[in-house]
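Going from the sequence shown to this note's numbering is simple: count from 1 and add 1.
Report on one structure; see the data block that follows.
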Amino acid sequence: MSKDTYTSVSDNGLRYESKLGGSPFLGSGHTRSCFKCGKHRTPNNLMSKRVLGRTEVVCKPACVKPEKQA
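Written out as structure tokens, the structure is:
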């Protein structure tokens, strides 16, 4: 989840965009990313799996596919 951005117009008419402060990672900060989908999850929502000869962590039980926009 990304935070909203805000913009302001300076005196010379240029618009500057900047992000609001803070971290998009809520909670204790103990998250890891899934090897397949890249989403950050807590360790209890991940499981180890052998991928290409290495042990990687993936979503448990499976990655959720995003819904298609029509």
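Heads up, the beta-carbon is just placed ideally off N, CA and C, and yes, glycines get one too.
- C-alpha of residue 34 to C-alpha of residue 13: approximately 43 Å in a straight line.
- For the set 55, 52 and 48, the Cα lying nearest the Cα of residue 61 is the one of 48.
- Rounded to the nearest whole angstrom, the CA to CA distance from residue 51 to residue 31 is 22 Å.
- The alpha carbon of residue 44 has as its nearest neighbour, out of 53, 54 and 59, the alpha carbon of 59.
- DSSP lists 41 as the bridge partner or partners of residue 34.
- Looking at the DSSP output, residue 58 sits in a beta bridge with 49.
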